[in-house]
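See below for the structure under consideration.
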Amino acid sequence: MQQQRSSSLQSQPALQPQPQQKAQSFRRRHLIFAAATVLYWTTLYIYVPILSPYLQDRGLSMSWIGFILGSYGLTQVLTRLPLGMYSDVMSRRKPFLIAGMVAGLISCVFFMLPGTWGGPLAGRLMAGLCAATWVPFTVLYASYYPTNQTHQAMGTLSFLTVFGQLAGMSASGCLASLGGWNYAFTCGIGVAAVGMIVALFVYEPKNDSTTTSSAHEPSIPANSDDEIAANPNLSSANRKGKHQTISKVLRSSLLWRVSILSLLAHGILFITMFGFTPLQAVELGASEAQLTGIVVSFMIPHALVSLWTGRYLAPRFGTRTVVITGFVLAALFTAAIPYSPNLGWLAVTQMLNGIAQALYFPLLLSLSIRNFAPVERATAMGFYQSVYSLGMFLGPYIAGGLNSFGGLKAGFLFGSLLGIMAAVLSISKKLTN
């Protein structure tokens, strides 16, 4: 009897995890990823509000300052697509998260090097490389969700992004006033170091290419070197699969459209809050504390609405309607910035602009990978982010040239024009749910 009982117990299948255990594991994975995301963006933005005056204090001319600021976007144009393709080839995402934290740490170190332009330029280039690793970040988080919940995933990720940016930018002025310019960079090093440790514990599915996809394409398996050595045909099959992935990405009309829309969207963002809005505030007599208030007035509504856009607004009103509305409102409130008579009205324009821009950023992000299988998503995301990185450079660069002739008003009106152009381009049935 004892033997029969023991044998019957041994023959029973192992107990499956209870729903409560699964829920706890799900929450833990998301919390760890959320912490890594917030630390990542805090590292990148902890010095952004003070960067221009810091470079000016080091004796750099306005042309050098503009070039160093723009190099952040140029690096991403060159590196985001190759990083995405390499991530797809490896079928891995997590190593790039860790590498991004390392690049962010090195970036802050370079900014502190003595001299004039060499250290800051190297630091900004390295910051662009850190930002380029956002490609596998987004694809990995999307793999946590079913493909029919991509809007919700990207909405949550947009909220975490803005939260990290807000944390860094809010602390920037206080840190500089407490310990000088370098204190912000020193704290950035510490934040990046903690982020590296947290990234080590981020969960990555063993093979996210097997995740169910809405794109009706067969997944291309990732084969090990041993398998390729045993069967040389696998190598040619893999190369063919990679070429097919690249070809599919470049032939996607939806991806091209949302990438161009995102280029225009980032042009608006880097003309306004990440560009010349702080200078408009200074012209209105803003102190360091009031500059932080202007940043908060934009970032908090932006973060909250980013969280709601994919979950509630797009399902109810439709993706295309929400995107068009966002661009029209962004054009209106960007044009209103130079006409603000005081800081109170400027804060109102920033609050409304933050809401407007949050209506389209999460949706464009999710649309960029909607029609691709998981194994193709990093390549698609790399292409998407490489294209919009041009907006990070060209938007403030062109606006800066216009400002030199027509004052800040000219640059903001140019940003408003970008919003109108984007709204017109958004009138496409491809953007429907």
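Everything in the sequence shown is counted per this note's numbering, starting at 5 for the first residue and increasing by one. Note that CB positions come from ideal geometry on N, CA and C, so glycine has one too. Note that the structure is predicted; figures quoted are calculated from it, not measured.
Please report the straight-line C-alpha distance between residue i and residue j, rounded to a whole angstrom.
i: Ala-426; j: Met-173; result: 27 Å
i: Ile-373; j: Leu-144; result: 12 Å
i: Ser-291; j: Ser-393; result: 31 Å
i: Phe-418; j: Tyr-364; result: 19 Å
i: Thr-214; j: Pro-342; result: Summary for Thr-214: the model assigns pLDDT 39, below 50, so the residue's position carries little reliability; its value from the coordinates is reported in the next sentence. Those two C-alpha atoms are separated by around 51 Å.
i: Gly-423; j: Val-42; result: 28 Å
i: Gly-279; j: Leu-273; result: 8 Å
i: Thr-190; j: Tyr-90; result: 32 Å
i: Pro-99; j: Leu-308; result: 30 Å
i: Gly-122; j: Ile-72; result: 10 Å
i: Phe-337; j: Ser-95; result: 42 Å
i: Pro-17; j: Pro-378; result: With a pLDDT of only 49 at Pro-17, under 50, the local geometry of the prediction cannot be trusted, and no value is derived from it.
i: Ala-480; j: Tyr-388; result: What the structure shows of the chain is the stretch from 5 to 437, and residue 480 is not part of that stretch, so it cannot be assessed.
i: Leu-268; j: Leu-368; result: 12 Å
i: Ala-40; j: Phe-409; result: 43 Å
i: Arg-255; j: Thr-142; result: 22 Å
i: Pro-57; j: Ser-390; result: 28 Å
i: Tyr-316; j: Ser-310; result: 10 Å
i: Thr-160; j: Ala-382; result: 19 Å
i: Phe-37; j: Pro-345; result: 42 Å
i: Ala-403; j: Met-200; result: 36 Å
i: Ser-420; j: Ala-362; result: 16 Å
i: Asn-227; j: Ser-432; result: Here the model assigns Asn-227 a pLDDT of 44, short of 50, so the residue's position is not dependable, and the following value carries that caveat. Going from the Cα of Asn-227 to the Cα of Ser-432 covers about 39 Å.
i: Thr-137; j: Lys-210; result: 20 Å
i: Phe-376; j: His-306; result: 28 Å
i: Ala-241; j: Leu-258; result: Only weak support exists for where Ala-241 lies, its pLDDT of 47 falling under 50; the coordinates are left without a value.
i: Gly-88; j: Tyr-187; result: 34 Å
i: Arg-97; j: Gly-348; result: 44 Å
i: Gln-80; j: Ser-29; result: 34 Å
Report, in whole angstroms, the separation of the C-beta atoms of residue i and residue j, which I expect to be a contact under 8 Å.
i: Arg-261; j: Leu-429; result: 7 Å
i: Ala-135; j: Leu-78; result: Not a contact, Cβ separation roughly 11 Å.
i: Thr-329; j: Ala-340; result: That pair is no contact at about 17 Å.
i: Pro-366; j: Gly-314; result: 5 Å
i: Met-385; j: Val-93; result: Going by Cβ atoms, the distance from Met-385 to Val-93 rounds to 14 Å, so no, they are not a contact pair.
i: Gly-399; j: Gly-271; result: 3 Å
i: Leu-412; j: Gln-294; result: Their Cβ separation, rounded to whole angstroms, is 17 Å, which puts Leu-412 and Gln-294 out of contact at 8 Å.
i: Ser-176; j: Ile-50; result: 6 Å
i: Arg-128; j: Ser-75; result: 5 Å
i: Met-303; j: Gln-169; result: 6 Å
i: Ile-102; j: Ala-203; result: 5 Å
i: Met-116; j: Ala-196; result: Not a contact, Cβ separation roughly 13 Å.
i: Val-299; j: Pro-53; result: 7 Å
i: Ser-370; j: Met-158; result: 4 Å
i: Gly-133; j: Ala-107; result: The residue you asked about is not Gly; residue 133 is Leu in the sequence shown. Contact flag correct, Cβ pair sits at about 5 Å.
Which two residues bound the contiguous alpha helix (DSSP H) that contains residue i?
i: Arg-128; result: 122-136
i: Leu-288; result: Per DSSP, Leu-288 belongs to no alpha helix (DSSP H) and is neither H nor E.
i: Ser-263; result: 257-275
i: Met-200; result: 185-203
i: Lys-98; result: 98-115
i: Tyr-316; result: That residue, Tyr-316, is in no alpha helix (DSSP H); it is neither H nor E in DSSP.
i: Leu-55; result: 52-61
i: Ile-328; result: 323-340
*Quick one: which unbroken alpha helix (DSSP H) runs of 4-plus residues sit fully inside the stretch 344-419? Chain order, please.*
347-362, 365-371 and 378-410
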